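In this note's numbering, the protein residues as written are 288 to 662. Don't be surprised by glycine CBs; every beta carbon is placed ideally from N, CA and C. Since this is a predicted model, take the numbers as computed values, not measurements.
In structure tokens:
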């Protein structure tokens with residue numbers, strides 16, 4: 288399929304994204320302000336509840352009357368890919384760990400599997416560029432663009448066509464999830480994004496540096512726990528790539544193709560796909576948020592569907608949130624990825640919906656008290 292046809296497909300998805308119901312959001316905010324407690328006292332959860340109600344109204348026209356959001360069917364999609372830049376010594380772990388962890392995800396033994404089960408979510412895994420040949424019958428989404436990106440200190444990480452292909456792959460995953468749920472008479476109520484890929488904090492830091500213009504040293508963290516010497520090298524590696532390729536911050540796909548990752552493109556596609564189907568999407572750490580940032584720069588309208596699950600210890604994560612004007616629900620000093628922060632945040636999303644629907648307003652409390660006095 289040509290680059291032009293792929294781009295036309297991508298634009299079609301972006302153009303299909305609807306604005307959440309602003310009348311419902313306004314009513315939700317009004318109810319929250321009138322509840323029997325100090326206004327704004329439940330902080331970020333209030334905004335999350337109103338945002339969720341506005342999204343839910345796309346599917347439920349009675350939402351303006353009930354403001355009662357149900358998040359029953361929830362899924363975390365963990366996107367995996369390898370990176371040629373690991374040749375430059377930016378990670379403590381070898382690439383062989385990536386396919387090993389994919390198998391662990393499938394077998395249900397990883398951190399994300401445990402936390403997702405606790406949060407009542409299923410976990411799906413997608414291969415966008417793992418440097419390994421998985422069995423075609425393995426129960427994952429087989430979206431491999433190719434085995435690992437190129438070493439971006441020498442060549443662009445991928446071609447522009449490959450970048451678009453990775454984004455389309457993420458959208459197709461959302462399509463498949465929606466289709467499978469529809470067959471069961473259900474819908475996807477909440478989507479979490481996660482990642483796996485040795486070395487992928489390096490392209491993620493490069494992406495936020497390309498978009499923000501902030502110095503690489505200020506944006507780059509230790510990833511898997513590298514020491515000071517390796518951190519200095521990691522910073523130099525990113526600076527070299529940016530100097531060589533000069534990614535255009537006004538062109539999201541250019542940034543992705545020059546210094547990104549296949550799984551990061553897939554994560555961007557998950558965000559665009561979720562928005563096109565009216566599904567709230569909760570982003571995990573710096574890699575998932577790099578994907579969300581690519582999606583946001585490409586289609587700013589997706590921001591109405593994005594929730595920041597948490598803020599990780601990776602220093603660049605904060606700057607990504609600032610680029611999109613997002614406030615994270617949690618700060619637990621996570622630095623794992625996989626979708627773990629998104630899964631934990633699912634529980635707070637539930638809390639946000641209950642706050643909106645169940646806390647009584649001062650008027651409702653007065654009515655209840657009056658009824659009791661009459662009896």
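Name, in chain order, the residues that DSSP records as bridge partners for residue 607. Beta-bridge pairing links residue 607 to no other residue.
Count the C-beta pairs between the segment 502–514 and the segment 408–427 that are closer than 8 Å, then say yes if the count reaches three, no if not. no
Among 471, 358, 454, 492, the one whose alpha carbon lies nearest that of residue 299: 454
Pull up the distance between the alpha-carbon of residue 528 and that of residue 441, whole angstroms please. 8 Å
From 363, 315, 355, 490, pick the residue whose C-alpha is nearest to that of residue 378; which is it? 490
Could you pull out every residue in the same chain whose Cβ sits closer than 7 Å to the Cβ of residue 498, ignoring the five residues on either side in sequence? 536, 542, 580, 584, 610
Limits of the beta strand (DSSP E) - the one that residue 634 falls within: That residue, residue 634, is in no beta strand (DSSP E); its alpha helix (DSSP H) goes 627–645.
Inter-residue CB distance, residue 633 and residue 406 (contact presumed, cutoff 8 Å): 4 Å
Please name the residue, chosen from 652, 449, 507, 642, that lies closest to residue 354 on a Cα-to-Cα basis. 642
Quick check on the burial criterion: 16 or more other C-beta atoms within 10 angstroms. Buried or exposed for residue 587? exposed
Can the beta-carbon of residue 381 be found closer than 8 Å to that of residue 292? no
Determine, using beta carbons only, whether residue 636 and residue 335 come nearer to each other than 8 Å. yes
Relative to the C-alpha of residue 572, which residue among 533, 480, 591 is closest? 480
Spell out the partners DSSP gives residue 532 in its beta bridges. Residue 532 is not bridged to any residue.
C-alpha gap between residue 400 and residue 389, whole angstroms: 11 Å
What are the boundary residues of the alpha helix (DSSP H) that residue 595 is part of? Taken as a continuous stretch (DSSP letters only), residue 595 belongs to no alpha helix (DSSP H), being part of the beta strand (DSSP E) at 593–595.
Under 8 Å between the Cβ atoms of residue 367 and residue 385? yes
Three-way DSSP call (helix, strand, coil) for residue 411 in this model: strand
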